[in-house]
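Below is one structure; the comments refer to it alone.
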Amino acid sequence: MLTALPVIMPLPDRDFDPTEAAVTWKVLHDAGYQVEFATPLGEVARGDAMMLSGEGLDPWGWVPVLKKVRLIGLLLRANSRGRAAYEEMLLSTSFQNPLSYQDLIPEKFSAMILPGGHASGIRPYLEDVILQAFVADFFENKNEHGYEKPVAAIC
């Protein structure tokens, strides 16, 4: 591990892509990095249920009765490793105790991960002015050696 400072992963309240967040969390966690999470109000986030179950991903997924019939949706949803990583992430103390966006301070983190998503709950995340200000400040903040801190935006 390169630093004792944690990595921050801001998430929306709901609808983040479970694979983008959980696989990234798992890789960093397994490598010994501490990953902290943040949500708008410091409440536990929920991943995109459609990407976990596949329900609604089929071309007929908008039809109430037919959406339960998953064929293509089973292929398009998060794969088994992604779903397993998501379940493990859900149980982590840091995921269960997120910070709020307003409590984020760039100097407290060594790197930032910004996972995406495609469902409606992602839009408030993208438009949150408090989170936007933190991200902008994070880009300006340097590490203890004067170098820019890594930022990863997925999707």
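Reading the sequence shown from the start, the letters are residues 5 to 159 in this note's numbering. Cβ coordinates follow ideal geometry from the N, Cα and C atoms, glycine included. Just so you know, these numbers come straight off a predicted model, no measurement behind them.
What are the residues that DSSP puts in a beta bridge with residue i?
i: T23; result: Answer is none; T23 lacks a bridge partner.
i: L118; result: A157
i: L103; result: A42
i: A68; result: The sequence as given places Pro at residue 68; Ala does not occur at that position. Bridge partners of P68: none, in fact.
i: V11; result: V39, A115
Beta-carbon separation of residue i and residue j under 8 Å?
i: S104; j: G46; result: yes
i: G58; j: L80; result: yes
i: G77; j: G86; result: no
i: A115; j: K30; result: no
i: P16; j: F113; result: no
Give me the Cα-Cα distance between residue i and residue j, rounded to the nearest whole angstrom.
i: V39; j: V73; result: 37 Å
i: N145; j: E111; result: 7 Å
i: M5; j: N83; result: Unreliable positioning characterises M5 in this predicted model, as indicated by a pLDDT of 48, which lies under 50. The coordinate reading is nonetheless provided below. Taking the straight line from one Cα to the other gives about 28 Å.
i: K71; j: A53; result: 13 Å
i: Q136; j: Y129; result: 9 Å
For my contact list, residue i and residue j are in at a C-beta cut-off of 8 Å; report their separation, rounded to the angstrom.
i: T23; j: P102; result: That belief does not hold up - the Cβ atoms of T23 and P102 are roughly 19 Å apart, past 8 Å.
i: L118; j: P14; result: 7 Å
i: I158; j: T28; result: 7 Å
Closest by CA to residue i, which one among the options?
i: D21; options: V133, D141, F138, A123; result: A123
i: L56; options: P68, G121, F143, V69; result: G121
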